[in-house]
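In terms of our numbering, the sequence shown is numbered consecutively and its last residue is 552.
C-beta atoms are modelled at their ideal positions from N, C-alpha and C, and glycine is treated no differently.
Every value quoted in this text rests on a predicted model; they were computed, and no experiment measured them.
This report concerns only the one structure given below.
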Amino acid sequence: MKVLQYIKANSKKATLAIFAATAIAVPAIAFAGFFPERPIKDWNNTTDRGGFDKVVFNSFVNTPYYGDERHFFDAREGVGNDAADNYKDVLGGVDAGDELTLRVYVHNNGNQDLNGENYDGPTVAKDAKVRFKLPTGTAQNLKATSYISASNATPAVVSDTSEFVGENAFSLEYIPGSATLVTGHNGGTGFALSDSIVTDGATIGYNQLNGVLPGCFEYQAFVYIKVKVKAPAVEFEKKVKVGDGSYQDSAHAKPGDIAKWLITYKNVGTAQLNNTTIKDTLPANLDVVDGSVKLVDAAHKNGLALDDEDLFDSNGVNAGSYTSGSNGYITFDTKIAAASELEECVTTLKNIARVRADDVTQQEDDATVIVTKENCDEVTPTYSCDLLELKKLGNLKYQFTAKATATGGATIKQYRYDFGDKTEVMVTDKTVVEHTYAKSGDYAASLTVDFNVDGAVQSKSGESCKVVINTEKEVENCPIPGKENLPKNSPDCVTPELPKTGPADMIGIFAAATIAAGFAHKIVLSRRFL
């Protein structure tokens, strides 16, 4: 067999670089996605190098060009370096917006001596095709299949699979016009293939797209397509207003007022959002105004009246499907309870809304109404970041516990944990979080608490909400007996003040004790002689 001696690496042409890269031995892999099982030729066995006496696709193993040809389908992320090592049978780290290159290696293992002078011999493939079957669903783990076929091949069709894995659910979409065939015929510039490659298959060939592919390494080929990684994602907000004006995160009101609520959602992902479901949870002291619940979107531009109870039911309202970039919103009104029903001078009513959809993590947002009674004793909001506790869980893993106070109408909005290692600040409503440092060292971690106070957001931190971490040492706990479970920076880690025992105090204590003893002695004597 001839070797592709005329194919040379050319860094300016990615396709040529790919083709030349196959001359690097690829180690055998354990991924068993090919089908069917079939007789093989082993390159390491010199008697096998003559190939088959008929058309057989991708049945050589241990070749210096590709390794195990049965695993002929793989993929890589993005564009740029097209080296063979970048292609994987299982491609991890797949994320929305990525562009992937899918590759199929095609080799007719027929003996070149039987190709015939006019490519009319028994080892020349006729009606050769390549087809990609892309997954149609959305998941964190997807599998695609590729097929190589010819009308006179044995077996007629061979297949192989590639897997794609991401942290979040995604789907794959073929990029029209991206299918390309690369052979050694035209210097590796390639032939554009039909988009039917992802449906019925696309006809390939060696020097033209006529389905004719002779046997031998000289006629090996690569077929490429590109796909876009798509995923749904939702942007979600809850707002409120009382009276005229714009919707805000919070609003001030009086008992008996009408509060108007707005829930907005938008598909900011790249795939369709399906079964978009919205649910609202009303706090006490708010009653829905009959007939006020309405949904507005592209299909219901004038608004769709919803049942007063469905939005607040455990199942919520299924608003349907939304294509990428489309959106909708729900509005409703509530009446605030009368003053006699409100216990505090200032009452904060938090209304929480949630959205969920297929393959999208549930989100929630809230808005608040601050209700103030007239002629009521003023309550001063108090709020503070009290403590950041630290607990070592492992070598570089720590648990952080936040403690804060919010009274008098102030409420806690969120906690912001800065772990001191230049990673992104964690913003959450959780009082207990965990963090693992990438390497040993000294870190100054801190906590900031954001509060809702009289319609504005106020932030608090402080020395008690800061901890210094040395990953080589254990966390320092309170040294005072009975308080060992407290961190050293806890305000409760203090020694109780003992009575003063200076000279003057000692004299006073001695004198008082002496008088008391004398008086008791006198009582005893008087009783003895009665």
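When the distance is taken between beta carbons, is residue 375 closer than 8 angstroms to residue 461?
For the purposes of this step, residue 461 is taken as the residue at position 439 of the sequence shown. For the purposes of this step, residue 375 is taken as the residue at position 353 of the sequence shown. Going by C-beta atoms, residue 461 is not nearer than 8 angstroms to residue 375.
For residue 200, count neighbouring Cβ atoms within 10 angstroms of its own Cβ and tell me buried if that reaches 16, exposed if not.
In the sequence shown, residue 200 corresponds to position 178, counting from 1. Classification of residue 200: buried, given that the 10 Å Cβ count is 16 or more.
Any idea which residues DSSP pairs residue 407 with across the strands?
Indexing the sequence shown from 1 puts residue 407 at position 385. According to DSSP, residue 407 bridges with 426.
Quick one: Cα of residue 300 to Cα of residue 334, how far?
By one-based count along the sequence shown, residue 300 stands at place 278. By one-based count along the sequence shown, residue 334 stands at place 312. For residue 300 and residue 334, the distance between alpha carbons rounds to 9 angstroms.
Let me confirm a value: residue 295 is counted as buried when at least 16 other C-beta atoms fall within 10 Å, else exposed. Which label applies?
Taking the sequence shown and counting its residues from 1, one reaches residue 295 at position 273. The residue is buried, with at least 16 neighbouring Cβ atoms inside 10 Å.
Go through the region 233 to 267 residue by residue and report every complete run of the beta strand (DSSP E) that reaches 3 residues or more, in order.
Taking only runs of at least 3 residues, the beta strand (DSSP E) segments lying wholly in the region 233 to 267 are 243 to 252, 256 to 264.
Hey, which unbroken runs of the beta strand (DSSP E) at 3 residues or more fall wholly within the region 111 to 179?
For the region 111 to 179, whole beta strand (DSSP E) runs of length 3 or above, ordered along the chain, are 121 to 128, 151 to 155, 161 to 171.
Quick check on the DSSP output: the beta strand (DSSP E) that includes residue 316 runs from which residue to which?
Here residue 316 corresponds to residue number 294 of the sequence shown, with the count starting at 1. Where residue 316 is concerned, the enclosing beta strand (DSSP E) stretches over 316 to 319.
Roughly how many angstroms lie between the CA atoms of residue 501 and residue 256, to the nearest whole one?
Translated into positions along the sequence shown, residue 501 becomes position 479. Translated into positions along the sequence shown, residue 256 becomes position 234. Between residue 501 and residue 256, the C-alpha separation is close to 49 angstroms.
What three-state label does DSSP hand residue 479 in the structure shown?
In the sequence shown, residue 479 corresponds to position 457, counting from 1. Reduced to three states, the DSSP call for residue 479 is strand.
Can at least three beta-carbon pairs, one atom from the region 201 to 212 and one from the region 271 to 284, be found at a separation below 8 angstroms?
Counting Cβ pairs under 8 angstroms, fewer than three are found: no touch.
Can the beta-carbon of residue 298 be found less than 8 angstroms from the beta-carbon of residue 341?
The residue labelled residue 298 in the question sits at position 276 within the sequence shown. The residue labelled residue 341 in the question sits at position 319 within the sequence shown. Contact flag set, yes.
Residue 497 and residue 414: beta carbons closer than 8 angstroms?
By one-based count along the sequence shown, residue 497 stands at place 475. By one-based count along the sequence shown, residue 414 stands at place 392. A contact, by the Cβ cut-off of 8 angstroms.
Does the beta-carbon of residue 130 have 16 or more other beta-carbons within 10 angstroms, so that it is buried, or is it exposed?
For the purposes of this step, residue 130 is taken as the residue at position 108 of the sequence shown. Looking at its Cβ environment, which holds 16 or more other Cβ atoms inside 10 Å, residue 130 is buried.
Tell me the residue span of the beta strand (DSSP E) that contains residue 369.
One-based indexing of the sequence shown puts residue 369 at position 347. That run of the beta strand (DSSP E) goes 368 to 379.
Within 8 angstroms, do at least three Cβ pairs link the region 376 to 391 to the region 401 to 421?
Touching, no.
Looking at the structure shown, is residue 445 part of a helix, part of a strand, or coil, going by DSSP?
Position 423 of the sequence shown, counted from the first residue, corresponds to residue 445. Looking at residue 445 - three-state DSSP - the assignment turns out to be coil, as it is neither helix nor strand.
Please name the residue in 86, 339, 445, 163 whose C-alpha comes closest to that of residue 193.
Here residue 193 refers to the residue found at position 171 when the sequence shown is read from its first residue. Of the listed residues, the one whose Cα sits closest to residue 193 is 163.
Checking 8 angstroms against the spacing of the C-beta atoms, do residue 239 and residue 175 come in under that value?
On the sequence shown, position 217 is the one that residue 239 refers to. On the sequence shown, position 153 is the one that residue 175 refers to. Against a cut-off of 8 angstroms, the Cβ pair of residue 175 and residue 239 comes out as no contact.
List the endpoints of the continuous beta strand (DSSP E) containing residue 65.
In the sequence shown, the residue the question calls residue 65 occupies position 43. Neither: residue 65 is in no beta strand (DSSP E) and is coded neither H nor E.
Once you ignore the five residues that flank residue 380 on each side, which residues in its own chain have a CB closer than 6 angstroms to its CB?
Within the sequence shown, numbered from 1, the residue matching residue 380 stands at position 358. Closer than 6 angstroms at the Cβ level, and outside the excluded window around residue 380, lie 296, 297.
Apart from the five residues on each side of it in sequence, which residues of its chain come closer than 8 angstroms, Cβ to Cβ, to residue 358?
Along the sequence shown, one-based indexing puts residue 358 at 336. Cβ neighbours of residue 358 beyond the five flanking positions: 275, 276, 277, 278, 279, 280, 281, 307, 308, 371, 391, 393.
Candidates 114, 97, 112, 305: which alpha carbon is nearest residue 126's?
Here residue 126 corresponds to residue number 104 of the sequence shown, with the count starting at 1. Checked all of 114, 97, 112, 305; the closest Cα to residue 126 is 97.
Would you identify the three-state DSSP class for residue 220, choosing helix, strand or coil?
Taking the first residue of the sequence shown as position 1, residue 220 is located at position 198. Of the three classes helix, strand and coil, the one that applies to residue 220 here is helix, per DSSP.
With DSSP collapsed to three states, give me the class of residue 486.
Taking the sequence shown and counting its residues from 1, the one referred to as residue 486 is at position 464. Residue 486: helix per DSSP, three-state reduction.
Quick one: residues in its chain with C-beta nearer than 6 angstroms to the C-beta of residue 353, no 5 flanking neighbours on either side, listed in chain order?
For the purposes of this step, residue 353 is identified with residue 331 of the sequence shown, where counting begins at 1. Around residue 353: 284, 316.
Taking residue 437 as part of the beta strand (DSSP E), name the residues at either end of that continuous run.
Looking up residue 437 in the sequence shown gives position 415. From DSSP, the beta strand (DSSP E) with residue 437 extends over 433 to 440.
Report the residue from 397, 472, 355, 396 whose alpha carbon sits nearest the alpha carbon of residue 265.
For the purposes of this step, residue 265 is identified with residue 243 of the sequence shown, where counting begins at 1. Selected option, being the one with the closest Cα: 355.
Taking the beta carbon of residue 463 as the centre, do at least 16 other beta carbons fall within 10 Å, making it buried, or is it exposed?
In the sequence shown, counting from the first residue as 1, residue 463 sits at position 441. By the 10 Å Cβ count, residue 463 comes out exposed.
Any idea which residues DSSP pairs residue 213 with across the strands?
Sequence index remark: in the sequence shown, residue 213 carries index 191 (1-based). According to DSSP, which records beta bridges pairwise, residue 213 is partnered with 203.
Quick one: grab the DSSP three-state call for residue 334.
Position 312 of the sequence shown, counted from the start, is the residue given in the question as residue 334. Reduced to three states, the DSSP call for residue 334 is helix.
Among residues of its own chain, excluding the 5 on either side of residue 425, which ones have a beta-carbon nearer than 6 angstroms to its beta-carbon?
Counting from one through the sequence shown, the residue named residue 425 turns up at place 403. Excluding sequence neighbours, residue 425 sits near 408, 409.
Spell out the partners DSSP gives residue 420 in its beta bridges.
In the sequence shown, the residue the question calls residue 420 occupies position 398. Bridge partners of residue 420: 414, 457.
Do you know how far the Cα of residue 226 is from the Cα of residue 205?
Residue 205 sits at position 183 when you count from the first residue of the sequence shown. Residue 226 sits at position 204 when you count from the first residue of the sequence shown. Whole-angstrom Cα-Cα distance: 10 angstroms.
Tell me which residue opens and which closes the beta strand (DSSP E) that residue 384 is part of.
Residue mapping note: residue 384 aligns to position 362 of the sequence shown, counting from 1. 382 to 394 is the span of the beta strand (DSSP E), which, as asked, contains residue 384.
Do residue 122 and residue 251 have their beta-carbon atoms positioned less than 8 angstroms apart in this structure?
By one-based count along the sequence shown, residue 251 stands at place 229. By one-based count along the sequence shown, residue 122 stands at place 100. Yes, the pair counts as a contact, with Cβ atoms nearer than the cut-off.
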